[in-house]
Amino acid sequence: MAKPRISSIDGKLAEEFAVPSHVEEVKEKMAAFARRHVAAGRRVVLITSGGTKVPLESRTVRFLDNFSSGRRGASSAEYFMDSGYAVIFLHRHRSLYPYARMFSNINMLDALKFSGGGGASSSNSGEVVVNQQVLPNIAKALKRYQEVTEGELLLPVEFSTLSEYLHLLKAAAKALSTIGSEAMFYLAAAVSDFYIPASEMPEHKIQSSNGPLQLSLNMVPKILSPLVKDWAPRAFVISFKLETDAAILLDKARRALDTYRHQVVVANVLDSRRGYVVVVTPETQAELIITEEDVKNDVEIEERIVSNLTSAHNKFITQ
Ligand code: 9Z3
94 MAKPRISSID GKLAEEFAVP SHVEEVKEKM AAFARRHVAA GRRVVLITSG GTKVPLESRT
154 VRFLDNFSSG RRGASSAEYF MDSGYAVIFL HRHRSLYPYA RMFSNINMLD ALKFSGGGGA
214 SSSNSGEVVV NQQVLPNIAK ALKRYQEVTE GELLLPVEFS TLSEYLHLLK AAAKALSTIG
274 SEAMFYLAAA VSDFYIPASE MPEHKIQSSN GPLQLSLNMV PKILSPLVKD WAPRAFVISF
334 KLETDAAILL DKARRALDTY RHQVVVANVL DSRRGYVVVV TPETQAELII TEEDVKNDVE
394 IEERIVSNLT SAHNKFITQ
């Protein structure tokens, strides 16, 4: 009975959201990555991370965006790899990246020192030395980054626009469907609910000489629905629910589980998202909290989220 609605999402995706030219190539890479790691006894998690860009013109000058930094996705990727998972990291271009995230606020030129070389303008011979006080924990992060790179545990895939995100997520879901319940989807990206369809988008820059601008935005199709029912029906799927009003959060999280029939919703409020989340399943509800003591010890909430979800994934597979 639900078929017509699902196929209409497929149709909508094809018609109203520009298809990235490299989508098939990326899909094949993701499928090969998943096959290889499952053959080596690892599970695979697809993490989405960062915000989406919604263009207002097809030769885009202006766009809508949102707050997401990508920190949740980037730090979770590290904890998943520490737990033995291989990670496909579908992230917004220039959002926070695993390991590098710890140094994102640092000006590289303040962290390096050039010595030797003589005269001011002419010579560049000399030594460049890292100041580890400016880059705390750089040795530890670099070591782990090199390990996961050599082990090919991390497959980064970038998106910028909402269209790229939607098509790449669909490709990922289809690529991971071949590994069944060994696949986890961890949908932490902050995806726009609104967009302007390609057919209604002006080609050129909107002219301010035409006066005040009124926008009419369509609803983005709920991609979780075909993902769970059609594209990767055996996978373990986690969505995130974000609100600014804590009073409606849990109700919305439960409603999402009822509607999409996936396994877990991680519910969070914008201002407290680094210190408090609720992991909601159809049968359970677990509050995860970071105390001041935890902060002093560099414990991050993503470590607790990932620990909770890897156990739940275990149970899901064995049942
Ligand atoms: C989240 O709720 C993530 O936890 C955050 C992480 C985006 C808040 P940061 O990137 O923040 O570390 O700065 N992601 C999902 C947010 C979302 O847009 N969910 C939609 C909704 O709540 C669709 S499931 O309706």
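Using this note's numbering, read the sequence shown as starting at 94 and increasing by one per residue. In this text, a Cβ means the ideal position worked out from N, Cα and C, and glycines have one as well. Here the structure is a predicted model, which is why all the values come from computation and not from measurement.
Through-space distance from residue j to residue i, alpha-carbon basis
i: Phe182; j: Met123; result: 10 Å
i: Asn200; j: Leu228; result: 10 Å
i: Asp175; j: Phe278; result: 17 Å
i: Pro440; j: Arg347; result: Given a span of 94 to 412 for the chain in the structure shown, any question on residue 440 remains unanswerable.
i: Ala265; j: His115; result: 13 Å
i: Ala127; j: Leu106; result: 25 Å
i: Glu395; j: Thr411; result: 24 Å
i: His297; j: Leu157; result: 16 Å
i: Glu171; j: Asp351; result: 30 Å
i: Ala282; j: Arg165; result: 9 Å
i: Ser365; j: Thr337; result: 9 Å
i: Ile316; j: Asn198; result: 34 Å
i: Gly209; j: Val223; result: 15 Å
i: Gly143; j: Arg194; result: 13 Å
i: Ile272; j: His355; result: 17 Å
i: Ala67; j: Val392; result: No information on residue 67 is available, as it lies outside the stretch 94 to 412 that the chain covers here.
i: Arg98; j: His184; result: No answer about Arg98 holds up, because its pLDDT of 48 lies below 50 and its placement is not dependable.
i: Ala340; j: Asn159; result: 22 Å
i: Asn390; j: Ile102; result: 46 Å
First through last residue of the alpha helix (DSSP H) which encompasses residue i
i: Phe409; result: 394–411
i: Leu123; result: Residue 123 is actually Met in this sequence, not Leu. Per DSSP, Met123 belongs to the alpha helix (DSSP H) from 116–132.
i: Val388; result: 385–389
i: Leu246; result: No alpha helix (DSSP H) contains Leu246, which DSSP labels as neither H nor E.
i: Thr352; result: 339–353
Helix, strand or coil at residue i [DSSP, three-state]
i: Val373; result: strand
i: Thr141; result: strand
i: Ile102; result: helix
i: Asn198; result: coil
i: Leu320; result: helix
i: Arg237; result: helix
i: Val112; result: coil
i: Lys146; result: strand
i: Ile299; result: coil
i: Phe160; result: coil
i: Ala95; result: Residue placement at Ala95 is flagged as unreliable, the pLDDT there being 48, under the threshold of 50; the coordinate-derived value follows with that caveat. Looking at Ala95 - three-state DSSP - the assignment turns out to be coil, as it is neither helix nor strand.
i: Ala107; result: helix
i: Arg136; result: strand
i: Ala325; result: coil
i: Tyr190; result: coil
C-beta contact flag for residue i and residue j at 8 Å
i: Thr145; j: Val330; result: no
i: Ser188; j: Gly219; result: no
i: Lys334; j: Val372; result: no
i: Leu343; j: Ala360; result: yes
i: Leu261; j: Pro113; result: yes
i: Leu308; j: Tyr288; result: no
i: Ser256; j: Ala111; result: yes
i: Leu269; j: Ala325; result: yes
i: Val321; j: Tyr353; result: yes
i: Ser151; j: Met294; result: yes
i: Phe173; j: Ser274; result: no
i: Val137; j: His130; result: yes
Residue i: first and last residue of the uninterrupted beta strand (DSSP E) it sits in
i: Arg185; result: 178–185
i: Val359; result: 357–362
i: Phe333; result: 329–336
i: Ala276; result: 276–280
Per DSSP, cross-strand counterpart(s) of residue i
i: Ile289; result: Answer is none; Ile289 lacks a bridge partner.
i: Ala379; result: Val372
i: Ser208; result: Glu220
i: Asn311; result: Tyr288
i: Phe252; result: Arg185
i: Ala38; result: Residue 38 cannot be examined here, being either before or after the span of the chain that is shown, 94 to 412.
Contact with chain C by residue i, beta-carbon distance below 8 Å
i: Ala360; result: You won't find chain C in this structure, because it holds only one protein chain.
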